[in-house]
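Engineer: Numbering-wise (the numbering used here), the sequence shown opens with residue 4 and increments by one.
Glycine included, C-beta positions come from ideal geometry on N, C-alpha and C.
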Amino acid sequence: RNTVGEKVMIHGPVQIGNSNMFEPSCAVGKVDEMRCGQIFIGDNCLFSQRCTVFQPRKVLLPAWQPGVVQPETPIPSETAIGNGCFVGPSSGVCHDDVLEDGASVGGALSGYVRLMGGAATAPGT
4 RNTVGEKVMI
14 HGPVQIGNSN
24 MFEPSCAVGK
34 VDEMRCGQIF
44 IGDNCLFSQR
54 CTVFQPRKVL
64 LPAWQPGVVQ
74 PETPIPSETA
84 IGNGCFVGPS
94 SGVCHDDVLE
104 DGASVGGALS
114 GYVRLMGGAA
124 TAPGT
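1. Can the beta-carbon of residue 105 be found closer than 7 Å to that of residue 87?
2. How would you label residue 58, buried or exposed, when you count the other beta carbons within 10 angstroms and need 16 or more for buried?
3. By the DSSP assignment, the beta strand (DSSP E) with residue 81 in it spans what residues?
4. Closest by CA to residue 90, which one among 31, 51, 41 and 17?
5. Are the CB atoms of residue 14 and residue 32 within a distance shorter than 7 Å?
In structure tokens form, the structure reads like this:
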């Protein structure tokens with residue numbers, strides 16, 4: 004069972020595990036119609052008040068390489084948050100980020116970041 008506070012927005016596609024807590028005014032999911040992909044959230048995570056988890060954009064292909072052609076339709080990607088993660092107040096997990104189990108975010112991550120298991124960030128870092 005998950006706990007969802009007031010004024011929380013969860014807009015799919017989002018797959019959420021068990022025993023997560025979403026404090027008031029969290030935003031998880033869709034931001035832009037041009038983006039595609041899914042958000043995966045594990046078990047026992049805490050999303051503090053006013054934090055944001057952004058929808059994935061799409062897989063970036065190495066278009067600068069000779070012979071590589073971008074597809075006409077976007078390739079879905081994912082933003083993934085493991086088990087036992089903490090997203091601090093007013094923090095942001097950006098598009099296509101991966102938080103491994105036990106990771107903690109204080110502040111904002113840019114896109115395409117992988118935060119290793121047990122790692123922590125602080126505001127302004």
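Structural biologist: Checking against the coordinates, here is how it stands:
1. Yes, these two residues count as a Cβ contact at 7 Å.
2. With 16 or more other Cβ atoms within 10 Å, it is buried.
3. Boundaries of the beta strand (DSSP E) harbouring residue 81: 80-84, taken from the DSSP string.
4. Measuring from the Cα of residue 90, the nearest candidate turns out to be 51.
5. Yes; because the gap between Cβ atoms is below 7 Å, this pair is in contact.
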